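Under our numbering, read the sequence shown as residues 10 to 135, first letter to last. Cβ atoms here follow ideal geometry from the backbone N, Cα and C, with glycine treated the same way. Please read these numbers as outputs of a predicted model, since none were measured by experiment.
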Amino acid sequence: MKMLKVEKMQCPNCASKNVIKNGHRYEKQCYRCKQSNRQFVETYSERGYSEDAKQICLRMYCNGMGFRAIERCTGVSHNAVINWVKATGARLPEVEPVETIPEVGELDELQTFVGSKKTRFGCGQQ
Ligand SMILES: [Zn+2]
Numbered sequence: 010m011k012m013l014k015v016e017k018m019q020c021p022n023c024a025s026k027n028v029i030k031n032g033h034r035y036e037k038q039c040y041r042c043k044q045s046n047r048q049f050v051e052t053y054s055e056r057g058y059s060e061d062a063k064q065i066c067l068r069m070y071c072n073g074m075g076f077r078a079i080e081r082c083t084g085v086s087h088n089a090v091i092n093w094v095k096a097t098g099a100r101l102p103e104v105e106p107v108e109t110i111p112e113v114g115e116l117d118e119l120q121t122f123v124g125s126k127k128t129r130f131g132c133g134q135q
């Protein structure tokens, strides 16, 4: 099994980390979320992050969270999140190379900025 940079599995349904191992299926670790009772299988992308982690990060982004905030919450590198956002076609704010992403103190402003764009992304229409 590859090393997982995310410390603990998160539920793909509700993003809770309150998950328990629930046996194996097709040689993959299965989990069950104690919060939403959803069962899911651990999967890994080539970058070492799970598909679930990717979906959670993209959902966070679409809900207006900044890349650094997502990194802090999930342990996923903001660079990976940025790549996923690019790969899924969501448009990045054009102003910021990685080095100038605001820290927590400026997050409110960033969230407002990103949040105002989400309707144009078409996110949240699952
Ligand atoms: Zn859940």
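On the premise that residue j lies in contact with residue i, defined as a C-beta separation below 8 Å, what is that separation, rounded to the nearest angstrom?
i, j, result
"Val85", "Cys71", "Not confirmed; about 15 Å, so no contact."
"Ala96", "Thr83", "With 8 Å as the limit, Ala96 and Thr83 do not qualify as a contact, their Cβ atoms being about 17 Å apart."
"Asn27", "Lys43", "5 Å"
Rounded to whole angstroms, what's the CA-CA distance from residue i to residue j? Just pull it up for me.
i, j, result
"Glu55", "Glu36", "For Glu55, the predicted model reports a pLDDT of 39, less than 50, meaning its position is unreliable and no value from the coordinates is stated."
"Glu51", "Glu80", "20 Å"
"Met74", "Cys23", "16 Å"
"Met18", "Arg41", "10 Å"
"Gln48", "Cys39", "7 Å"
"Met69", "Ser45", "18 Å"
"Ser59", "Asn92", "14 Å"
Enumerate, from N- to C-terminal direction, the unbroken beta strand (DSSP E) stretches of 3 or more residues contained entirely within the region 21–59.
The region 21–59 contains these whole beta strand (DSSP E) runs: 28–34, 37–42 and 48–50.
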